[in-house]
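The C-terminal position of the sequence shown is numbered 158 in the working numbering, with every residue numbered one higher than the one before it. We put the CB at the ideal spot given by N, CA and C, even for glycine. Just below is one structure, and these are the notes that go with it.
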Amino acid sequence: MSDEFRAFVKEGIESTYQTFLKKVSEGRNITIARADSLAQGRVWSGVQAKELGLVDELGGLEDAIEAAAALANVDSYSVRKYPKYKSSFERFMEDFGGASILNKEEIIRKEIGAEVYGLYKEVKSVMEQKGIQARLPFTLTIK
């Protein structure tokens, strides 16, 4: 790291830290010196932060959302979580469904043979297409 870049990074860190101290001092109604004496890059547990007056309550995200709604005088609200993850059961059903399709196709291929199965897939593909089509009288396969 060059000296110039190091100075640039250090200045950015100091600026961010000063902004942090200002917000803490305003939000907690303490002096910047007091905020600085508490901070100094340390990480406090929730219990310690409450004892030091850095937080009002202990709780999780749901508690914070509930408190924010109360402060905003909102009685009815909902929470949407993103990204939406599928439940274990939903993933299982997708895997199971995919496996059953694979098994059906494998059964058909074994029953009619690989060559006829290839023709079956082509005909199926053509029948699933929508709109106007132009087909050549041959299939081009590049290997």
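Looking at residue j and residue i, is the spacing between their C-beta atoms short of 8 Å?
| i | j | result |
| --- | --- | --- |
| L36 | A50 | yes |
| L86 | L69 | no |
| I127 | Y135 | yes |
| A84 | Y92 | yes |
Out of curiosity, what's the CA-to-CA distance linking residue i and residue j?
| i | j | result |
| --- | --- | --- |
| I47 | E77 | 30 Å |
| E41 | T34 | 11 Å |
| I147 | R95 | 42 Å |
| L73 | D18 | 43 Å |
| G61 | G75 | 11 Å |
| S102 | K119 | 26 Å |
| G56 | I28 | 11 Å |
| M108 | P98 | 20 Å |
| F104 | R124 | 30 Å |
Segments of 4+ residues assigned as alpha helix (DSSP H) that fall wholly inside the region 45-101: 47-53, 61-66, 76-86
Sequence ranges, alpha helix (DSSP H) only - wholly within the region 102-150, length at least 4: As far as the region 102-150 is concerned, its whole alpha helix (DSSP H) runs of at least 4 residues are 103-127, 129-143.
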